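To keep things clear, I will list the structure first and then write my remarks on it.
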Amino acid sequence: MPSVSVSSDVQIAYETFGSPDDPAVLLVMGFGAQMIAWHEGLCRMLAEQGRYVIRYDNRDCGLSTRWEQHPVELTAFIGAVSGGDILAAQRMIPYTLSDMAADGINLLTALGIEHAHVVGASMGGMIAQRMAIEHPSRIRTLTSMMSSTGEPEVGQSTPEAQQVLFAPRPADRNGYISAAERELVWASRRYPDVEGLRRLAASSYDRAYYPAGIPRQLGAMVLDGSRAGDLAKLQVPTLVIHGLDDTLIDPSGGRRTAELIPGAKLMLVPDMGHDRPRSLWPDLVTAIAHHTQEVDLTGSGRIAN
2 MPSVSVSSDV
12 QIAYETFGSP
22 DDPAVLLVMG
32 FGAQMIAWHE
42 GLCRMLAEQG
52 RYVIRYDNRD
62 CGLSTRWEQH
72 PVELTAFIGA
82 VSGGDILAAQ
92 RMIPYTLSDM
102 AADGINLLTA
112 LGIEHAHVVG
122 ASMGGMIAQR
132 MAIEHPSRIR
142 TLTSMMSSTG
152 EPEVGQSTPE
162 AQQVLFAPRP
172 ADRNGYISAA
182 ERELVWASRR
192 YPDVEGLRRL
202 AASSYDRAYY
212 PAGIPRQLGA
222 MVLDGSRAGD
232 LAKLQVPTLV
242 IHGLDDTLID
252 PSGGRRTAEL
262 IPGAKLMLVP
272 DMGHDRPRSL
282 WPDLVTAIAH
292 HTQEVDLTGS
302 GRIAN
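Per this note's numbering, the sequence shown starts with residue 2, numbered consecutively.
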């Protein structure tokens, strides 16, 4: 698995699909999930549409740089935020969502890509929004999938989904794999895939089991706050995709994102939850391929030597 330095203290692991001569699509994964959660089959399907697909591990996850020197006690962080002591919460977290967005932009630079289409899911959608807000010249289009705006009034989890999200996973391999089926609480009801969840859990555990990064990623996401004002000024062509079965990030998060971004298109998907079931891959790939068509954009997207 290749990796590159994207800053003086960050190495990012990544994988590509398709031809580098095609328009680049950067896939940004969500909270605590490794890049393999973007299923290889989905990546290849999108590459077959004439896209150069890049998936990568966020910092503190998978095979990318870990912040082991900054341990965070999740209960203490949540207590500080709940108690309104934001300064104390900020002192606990060693990086921001903007830093995570810069990792993705710097990965493009390291790969010689001047601008790309960016597709982010869940927390990855929030990171992708930050990329578009702070680095608009590098982003051709934005696709924000099953994500939200950071406003507390929208995109909230159901109590059941929140309980599963914060429940500790067993540390042993068999227990970790068995616990994966809890995620059915936010999965697509029409397409439950217990075996798929277990396979992903097994692959993730064997590849890079690292629960210590989860509180830091959560902190960066929570402390980013509302992006509403910035999203309302965004001039990047945007597609918002959200499943109507999503209980982890309520569809109101997607609706609000599309409402705020000028000219954004909203795709609400029946029978999809907080996942990407195989049966819906053709619909998702078609939508992303159509949105990322090079209509009036010229150039290869590569950085000139």
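By construction, the Cβ of each residue, glycine as well, lies at the ideal position given by its N, Cα and C atoms.
Predicted, not measured: the structure shown is a model, and the values here were computed from it.
Exercise for the section: To the nearest angstrom, report how far apart E16 and R131 are at their CA atoms. Expected result: Here residue 16 is taken as the residue at index 15 of the sequence shown, counted from 1. Here residue 131 is taken as the residue at index 130 of the sequence shown, counted from 1. Cα to Cα, E16 sits roughly 22 Å from R131.
Exercise for the section: Please confirm whether V237 and P171 have their CB atoms less than 8 Å apart. Expected result: Within the sequence shown, the letter at position 236 stands for residue 237. Within the sequence shown, the letter at position 170 stands for residue 171. In this structure, P171 does not lie closer than 8 Å to V237 by Cβ.
Practice task
Could you say which of G244, A203, G255 lies nearest to W187 if we only look at CA atoms?
Solution key: On the sequence shown, residue 187 is found 186 positions in, with the first residue counted as 1. From the listed residues G244, A203, G255, the smallest Cα separation to W187 is found for G244.
Problem - With 16 other Cβ atoms within 10 Å as the buried cut-off, status of R257 - result: Within the sequence shown, residue 257 is the residue found at index 256, counting from 1. The residue is buried, with at least 16 neighbouring Cβ atoms inside 10 Å.
Exercise for the section: Output yes or no for whether 8 Å exceeds the beta carbon distance between V195 and D104. Expected result: As a working mapping, residue 195 is identified with position 194 in the sequence shown. As a working mapping, residue 104 is identified with position 103 in the sequence shown. Taking 8 Å as the Cβ cut-off, V195 and D104 do not qualify as a contacting pair.
Problem - Three-state secondary structure assigned by DSSP to R56 - result: Within the sequence shown, residue 56 is the residue found at index 55, counting from 1. For R56, the secondary structure class from DSSP, reduced to helix, strand or coil, is strand.
Handout entry: Bridge partner(s) assigned by DSSP for E16
Key = Walking along the sequence shown from the start, residue 16 turns up at place 15. Per DSSP, R56.
Practice task
Round the Cβ separation of G220 and T248 to the nearest angstrom and send it over; I've been treating them as touching at under 8 Å.
Solution key: On the sequence shown, residue 220 is found 219 positions in, with the first residue counted as 1. On the sequence shown, residue 248 is found 247 positions in, with the first residue counted as 1. Between T248 and G220 the Cβ distance is about 23 Å, and since that is not below 8 Å, they are no contact.
Problem - Under the three-state DSSP convention, the category V195 falls into - result: Within the sequence shown, numbered from 1, the residue matching residue 195 stands at position 194. In this structure, DSSP gives V195 a helical state, which the three-state scheme calls helix.
Practice task
Would you kindly check if the distance between the Cβ of I140 and the Cβ of D98 is under 8 Å?
Solution key: For the purposes of this step, residue 98 is taken as the residue at position 97 of the sequence shown. For the purposes of this step, residue 140 is taken as the residue at position 139 of the sequence shown. Residue identity check: residue 98 is Leu in the sequence provided, not Asp. No, these two residues do not count as a Cβ contact at 8 Å.
Exercise for the section: List the endpoints of the continuous beta strand (DSSP E) containing I37. Expected result: In the sequence shown, counting from the first residue as 1, residue 37 sits at position 36. First-last for I37: undefined, no H or E at that position.
Exercise for the section: Take the Cβ of R279 as the centre, count every other Cβ of all protein chains shown within 10 Å, and call the residue buried at 16 or more, exposed below. Expected result: Taking the first residue of the sequence shown as 1, we reach residue 279 at position 278. By the 10 Å Cβ count, R279 comes out exposed.
Practice task
Sort V54, I13, F32 by Cα distance to A122 and report the nearest one.
Solution key: Numbered from 1 along the sequence shown, position 121 holds the residue referred to as residue 122. When only C-alpha atoms are compared, the closest one is F32.
Practice task
Give the straight-line distance between the Cα atoms of V54 and I134, rounded to the nearest whole angstrom.
Solution key: One-based indexing of the sequence shown puts residue 54 at position 53. One-based indexing of the sequence shown puts residue 134 at position 133. Rounded to whole angstroms, V54 to I134 spans 22 Å at the Cα level.
Problem - Selected residue, minimal CA-CA separation from Q164, among E154, I87, V7, L185 - result: Residue 164 sits at position 163 when you count from the first residue of the sequence shown. The shortest C-alpha separation from Q164 is found at L185.
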